[in-house]
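The structure appears right after this line, and notes come after that.
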Amino acid sequence: MGVLALQGDFAEHQDMLAAAGVPSCQVRTVAELEACGALIIPGGESTTMAKLMDAYGLRSPLMAFARGGRPVWGTCAGLIMLAARLEEDRPAPLGLMDITVRRNGYGRQVDSFSAPLNVKGMVGGPFHAVFIRAPVITAVGQGVEVLAALEDGSPVAVRAGNLLATSFHPELTRDARFHVAFWEMAAAPSH
Ligand code: GLN
């Protein structure tokens with residue numbers, strides 16, 4: 029399991045994976061990416077992440093990685109990078125998942141919040157999701173499955189084939205169920 033380590037909270041993802049018994053490595057180069065079976069794009073700052081992605085020559089390889097069917101999970105800024113469309117001009121996302129996203133759509137840092145989520149297919153009760161300057165998914169295309177939504181109906185966890193995206197941060201909790209689910213998704217032959 030690779031974790032894109034250009035910027036953001038990649039170390040927290042690695043800690044969660046380690047707690048779940050999943051071996052992981054940091055990805056900063058094309059060679060490191062190619063060595064992975066699946067990839068997590070962490071939370072952070074999407075404009076900075078996009079700049080570094082371009083500077084490291086990772087944009088096309090990342091797109092090919094995902095289009096080739098290898099599982100990719102984006103959390104928060106990572107979700108922004110996976111999106112097909114942003115309501116803002118920047119950054120240029122990877123355009124992999126048929127969703128439209130508004131950055132910081134739930135408000136500023138001070139408006140960060142947590143919410144219990146019922147997640148499709150997840151046993152063990154609600155998942156306590158942490159939202160920090162989180163992106164809002166304003167539209168989902170056909171073929172994108174909503175796994176969890178807030179009370180107002182806005183989707184916050186979505187899946188399309190080998191791609192998973194969450195607008196919150198499972199890596200900032202002690203609950204490894206999303207990491208385990210993604211690991212199982214990566215191990216399943218059906219994507
Ligand atoms: N607001 C950030 C962005 O636009 C994302 C915040 C986060 O990843 N916690 O990139």
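To convert, take the position in the sequence shown, counting from 1, and add 28; that gives my numbering. Glycine residues also receive a C-beta, built at the ideal position from the N, C-alpha and C atoms. These numbers come from a predicted model, not from an experiment.
Close-in-space but distant-in-sequence residues of the same chain around residue i (CB under 6 Å, 5 per side omitted)
i: G75; result: For clarity, residue 75 is Thr in the given sequence; the question names Gly instead. Same-chain partners within the cutoff: R118 and P119.
i: W101; result: I68, L192 and F210
i: M213; result: P99
Beta-carbon proximity list for residue i, same chain, < 7 Å, skipping 5 on both sides
i: V172; result: M125, D126, I127, V186 and A188
i: A177; result: P183 and V184
i: A157; result: S142, A143, L145, V184 and F196
i: R56; result: A33, L34 and Y84
Closest residue to residue i among the options (Cα-Cα distance)
i: G133; options: R87, V31 and V184; result: V184
i: A204; options: F38, G49 and Q35; result: G49
i: A215; options: F38, G97, P163 and A92; result: G97
i: M77; options: F38, L175 and E62; result: F38
i: Q54; options: G135, Q35 and M150; result: Q35
i: C64; options: S52, E73, G181 and V129; result: S52
i: L122; options: H207, R95 and A167; result: R95
i: M91; options: G71, A66 and C104; result: A66
i: F206; options: V129, F93 and V151; result: V151
i: L61; options: G72, V31, A46 and G71; result: V31
i: L107; options: D139, R136 and G71; result: G71
i: T103; options: Q137, A167, S140 and F159; result: F159
i: E40; options: P198, E212 and R136; result: P198
Residue i versus residue j: straight-line alpha-carbon distance, rounded
i: E179; j: P89; result: 37 Å
i: M81; j: F155; result: 31 Å
i: T201; j: A83; result: 31 Å
i: D43; j: G169; result: 33 Å
i: L86; j: K148; result: 32 Å
i: P99; j: V208; result: 13 Å
i: F93; j: V58; result: 10 Å
i: L45; j: E115; result: 32 Å
i: E73; j: A162; result: 11 Å
i: L175; j: M29; result: 22 Å
i: A167; j: A47; result: 34 Å
8 Å Cβ shell around residue i - same chain, five flanking residues per side excluded
i: V164; result: V129, R130, G133, Y134, S182 and S195
Is it true that the stretch 186-200 meets the stretch 97-116, where meeting means three or more beta-carbon pairs spaced less than 8 Å apart?
yes
Any beta strand (DSSP E) of 3 or more consecutive residues that is wholly inside the stretch 92-140
100-103, 111-114 and 125-130
At 3 residues or longer, what runs of the beta strand (DSSP E) sit wholly inside the stretch 58-88?
67-69
Quick check for students: name the residue ranges of the alpha helix (DSSP H) that lie wholly in the stretch 158-213, counting only runs of 4 or more.
none
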